[in-house]
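Here the structure comes first, spelled out in structure tokens, and everything after it is commentary.
Protein chains: 2
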Amino acid sequence: MSTDTPERDLVLTRLIPASRDKLYRAWTDPALLKRWFAPKPYTVPEAELDVRPGGANRVVMQDPQGNTFPNHGVYLEVVENERLVVTDAYVRAWEPSQKPFMTLILTFEEAEGGTRYTARVRHWTEADRAAHEAMGFHEGWGRCADQLTELVATL
Amino acid sequence: MSTDTPERDLVLTRLIPASRDKLYRAWTDPALLKRWFAPKPYTVPEAELDVRPGGANRVVMQDPQGNTFPNHGVYLEVVENERLVVTDAYVRAWEPSQKPFMTLILTFEEAEGGTRYTARVRHWTEADRAAHEAMGFHEGWGRCADQLTELVATL
Numbered sequence: 218m219s220t221d222t223p224e225r226d227l228v229l230t231r232l233i234p235a236s237r238d239k240l241y242r243a244w245t246d247p248a249l250l251k252r253w254f255a256p257k258p259y260t261v262p263e264a265e266l267d268v269r270p271g272g273a274n275r276v277v278m279q280d281p282q283g284n285t286f287p288n289h290g291v292y293l294e295v296v297e298n299e300r301l302v303v304t305d306a307y308v309r310a311w312e313p314s315q316k317p318f319m320t321l322i323l324t325f326e327e328a329e330g331g332t333r334y335t336a337r338v339r340h341w342t343e344a345d346r347a348a349h350e351a352m353g354f355h356e357g358w359g360r361c362a363d364q365l366t367e368l369v370a371t372l
Numbered sequence: 218m219s220t221d222t223p224e225r226d227l228v229l230t231r232l233i234p235a236s237r238d239k240l241y242r243a244w245t246d247p248a249l250l251k252r253w254f255a256p257k258p259y260t261v262p263e264a265e266l267d268v269r270p271g272g273a274n275r276v277v278m279q280d281p282q283g284n285t286f287p288n289h290g291v292y293l294e295v296v297e298n299e300r301l302v303v304t305d306a307y308v309r310a311w312e313p314s315q316k317p318f319m320t321l322i323l324t325f326e327e328a329e330g331g332t333r334y335t336a337r338v339r340h341w342t343e344a345d346r347a348a349h350e351a352m353g354f355h356e357g358w359g360r361c362a363d364q365l366t367e368l369v370a371t372l
């Protein structure tokens with residue numbers, strides 16, 4: 218499943234010294250998500266997460282100047298403590314978004330020393346993958362993964 | 218839910234004198250689907266339907282000259298006898314297709330005289346909706362609805 222479209226995927230993976238349930242909570246509890254989901258100095262003033270297949274999420278990011286950037290998505294698959302799949306192809310079930318850009322496949326696997334955390338971002342086109350990489354995917358998601366790691370250490 | 222994107226939707230609706238479960242079977246049993254899903258003289262030589270959220274389907278249509286046209290999709294929502302949602306944005310869970318074109322929302326509602334059958338086809342763009350209409354959506358889906366009506370009368 219995970220390696221059949223490598224030319225359209227961007228992947229971040231980390232071994233994080235925390236249990237799977239804490240990482241899952243950090244992704245599904247809005248109060249926790251707000252604390253790590255945007256690379257500082259960006260913030261997340263609003264997060265609504267209806268975590269079930271067909272449920273919508275809405276996460277607003279804000280830059281230091283106060284500009285806000287709302288993001289919408291719909292969960293496609295939810296397996297507690299193990300796996301989340303969410304796409305921006307829909308704004309809510311099943312209203313197509315303006316532009317299907319990506320599907321995020323998150324997995325939390327038990328591993329020696331903690332949890333193997335993998336975020337696979339799958340795009341519809343190679344051009345979108347390239348654009349996402351050029352927008353700073355690796356740096357942005359890497360910084361967020363640092364923030365996530367710090368947060369779950371406190372849970 | 219059903220009326221928030223009318224400018225991107227194509228809709229077929231019929232009152233069909235049959236119970237909801239027969240219509241649902243005609244959509245979910247491959248042997249039955251093959252008998253009505255393509256407007257004659259087209260045929261459906263192959264149909265594989267993994268009817269569950271995240272399950273894939275593959276339906277091959279064939280023209281009288283023997284040319285075949287495979288269609289792939291993934292079920293997003295499955296409520297027995299009531300509702301099916303399937304999209305061609307994925308080939309299988311969760312591999313993006315070459316072109317996200319439509320999401321089909323099928324509903325089967327109890328009504329005086331049978332079942333209110335509604336197929337709402339929702340596109341990502343107004344251009345795709347227009348192209349689909351120009352390709353003969355209303356005639357094609359109308360003829361298939363006739364074939365479906367004939368089939369369920371025999372069940």
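First to last, the sequence lines map onto chains A and B. Every position in the first sequence, counted from 1, becomes a number in the working numbering once 217 is added. Every position in the second sequence, counted from 1, becomes a number in the working numbering once 217 is added. We put the beta carbon where it would ideally sit given N, CA and C, even for glycine.
### Message
List, in chain order, every chain B residue whose beta-carbon is nearer than 7 angstroms to that of residue 306 (chain A).
### Response
Working through the first sequence from its first residue, we reach residue 306 (chain A) at position 89. The CB of residue 306 (chain A) comes closer than 7 angstroms to the CB of 306 and 317 in chain B, given here in chain order.
### Query
Apart from the five residues just before and just after residue 302 (chain B), which ones in its own chain have a Cβ nearer than 6 angstroms to its Cβ?
Counting from 1 along the second sequence, the entry for residue 302 (chain B) is found at position 85. Result list for residue 302 (chain B): 293, 294 and 322, in chain order.
### 9 angstroms Cβ cut-off: residues of chain A touching residue 322 (chain B)
Taking the second sequence and counting its residues from 1, the one referred to as residue 322 (chain B) is at position 105. Correct list: 311.
#### Entry: Span of the alpha helix (DSSP H), counted from its first residue to its last, around residue 238 (chain B)
Here residue 238 (chain B) is taken as the residue at index 21 of the second sequence, counted from 1. For residue 238 (chain B), the enclosing alpha helix (DSSP H) starts and ends at 237 to 245.
### Message
I'd like to know if residue 302 (chain A) contacts chain B, where contact means its C-beta is closer than 8 angstroms to some C-beta of that chain.
### Response
Counted from its first residue, the first sequence places residue 302 (chain A) at position 85. At least one CB atom of chain B sits nearer than 8 angstroms to the CB of residue 302 (chain A).
### the segment 257 to 277 of chain A / the segment 285 to 292 of chain A touching (three or more Cβ pairs under 8 angstroms)
The segment 257 to 277 of chain A is in contact with the segment 285 to 292 of chain A.
### Message
Count Cβ pairs between the segment 230 to 239 of chain A and the segment 252 to 267 of chain A that sit closer than 8 angstroms; are there 3 or more?
### Response
no
### Query
Quick one: what does DSSP say residue 336 (chain B) is sitting in, helix, strand or coil?
Along the second sequence, one-based indexing puts residue 336 (chain B) at 119. Strand, per DSSP.
### Query
From which residue to which residue does the beta strand (DSSP E) around residue 252 (chain A) run?
Your numbering for residue 252 (chain A) matches position 35 in the first sequence. Note, residue 252 (chain A): premise wrong, no beta strand (DSSP E); not H, not E.
### Message
Applying the 10 Å Cβ sphere with the 16-neighbour rule, what's the burial state of residue 372 (chain A)?
### Response
To locate residue 372 (chain A), count along the first sequence from 1; it is residue 155. Classification for residue 372 (chain A): exposed.
### Query
Name the DSSP bridge partner or partners of residue 289 (chain B)?
If you number the second sequence from 1, residue 289 (chain B) lands on position 72. BP columns for residue 289 (chain B) point to B:275.
#### Entry: residue 302 (chain A), DSSP secondary structure in three states
As a first step, residue 302 (chain A) is located in the first sequence; it is residue number 85 there, counting from the start. It is a strand residue.
### Task
For residue 224 (chain A), name the three-state secondary structure that DSSP assigns.
For this step, residue 224 (chain A) is matched to residue 7 along the first sequence. Residue state, collapsed to three classes: helix.
### Query
Roughly how many angstroms lie between the CA atoms of residue 341 (chain A) and residue 222 (chain B), to the nearest whole one?
Indexing the first sequence from 1 puts residue 341 (chain A) at position 124. Indexing the second sequence from 1 puts residue 222 (chain B) at position 5. Rounded to the nearest angstrom, the two C-alpha atoms are 22 angstroms apart.
### Query
In whole angstroms, what separates the C-alpha of residue 392 (chain B) from that of residue 288 (chain B)?
Because chain B is modelled from 218 through 372, residue 392 (chain B) falls outside the range shown and cannot be assessed.
### Task
Verify the CB distance criterion: does residue 358 (chain A) have a CB-CB separation below 8 angstroms to chain B?
Your numbering for residue 358 (chain A) matches position 141 in the first sequence. No, because no Cβ of chain B sits closer than 8 angstroms to the Cβ of residue 358 (chain A).
### Query
What residue from A:262, A:297 and A:279 has the CA that sits closest to residue 244 (chain A)'s CA?
Taking the first residue of the first sequence as position 1, residue 244 (chain A) is located at position 27. When only C-alpha atoms are compared, the closest one is A:297.
#### Entry: Coarse secondary structure for residue 325 (chain A), derived from DSSP in three states
Against the first sequence, residue 325 (chain A) aligns to sequence position 108. In the three-state scheme derived from DSSP, where H, G and I count as helix and E and B as strand, residue 325 (chain A) is classed as strand.
### Query
Looking at the C-beta of residue 222 (chain B), does it have a partner C-beta in chain A at a distance below 8 angstroms?
Numbered from 1 along the second sequence, position 5 holds the residue referred to as residue 222 (chain B). Chain A contact via Cβ: present.
### Query
Counting along the chain, where does the beta strand (DSSP E) carrying residue 260 (chain A) start and finish?
As a first step, residue 260 (chain A) must be located in the first sequence, where it is residue number 43. 260 to 266 is the extent of the beta strand (DSSP E) around residue 260 (chain A).
### Message
Using beta carbons (cut-off 8 angstroms, strictly below), is residue 294 (chain A) in contact with chain B?
### Response
Position 77 of the first sequence, counted from the start, is the residue given in the question as residue 294 (chain A). Yes, because at least one Cβ of chain B sits closer than 8 angstroms to the Cβ of residue 294 (chain A).
### Query
Thinking C-beta only, is residue 333 (chain A) closer than 8 angstroms to residue 326 (chain A)?
As a position in the first sequence, residue 326 (chain A) is number 109, starting the count at 1. As a position in the first sequence, residue 333 (chain A) is number 116, starting the count at 1. Yes, these two residues count as a Cβ contact at 8 angstroms.
### Message
Give me the subset of the segment 322 to 340 of chain A whose CB atoms are less than 9 angstroms from a CB atom of chain B, sorted by chain position.
### Response
322, 339 and 340
### Task
Would you list, in chain order, the members of the segment 260 to 274 of chain A that have their beta-carbon closer than 7 angstroms to a beta-carbon of chain B?
Taking 7 angstroms as the upper bound on Cβ-Cβ separation, chain B lies near residues 270 and 271 of the segment 260 to 274 of chain A.
### Query
Between the beta-carbon of residue 319 (chain A) and the beta-carbon of residue 339 (chain A), is there less than 8 angstroms?
Locating residue 319 (chain A) in the first sequence gives position 102, counting from the first residue. Locating residue 339 (chain A) in the first sequence gives position 122, counting from the first residue. Cβ atoms of residue 319 (chain A) and residue 339 (chain A): closer than 8 angstroms.
#### Entry: Cross-chain neighbours of residue 225 (chain A) in chain B, by beta carbon under 7 angstroms
Taking the first sequence and counting its residues from 1, the one referred to as residue 225 (chain A) is at position 8. Correct list: 313.
### Segment limits, alpha helix (DSSP H) that includes residue 360 (chain B)
For this step, residue 360 (chain B) is matched to residue 143 along the second sequence. The continuous alpha helix (DSSP H) containing residue 360 (chain B) extends over residues 354 to 369.
### Buried/exposed call for residue 239 (chain A), threshold 16 Cβ in 10 Å
For the purposes of this step, residue 239 (chain A) is taken as the residue at position 22 of the first sequence. With 16 or more other CB atoms across the displayed protein chains lying within 10 angstroms of its CB, residue 239 (chain A) is buried.
### Message
Per the DSSP calculation, residue 229 (chain B) is bridged to which residue(s)?
### Response
Residue 229 (chain B) sits at position 12 when you count from the first residue of the second sequence. Note: residue 229 (chain B) sits in a beta bridge opposite B:336.
### Message
Let me confirm a value: residue 264 (chain A) is counted as buried when at least 16 other C-beta atoms fall within 10 Å, else exposed. Which label applies?
### Response
The sequence position of residue 264 (chain A) within the first sequence is 47, counting from 1. Counting Cβ neighbours within 10 Å, residue 264 (chain A) comes out buried, since at least 16 surround it.
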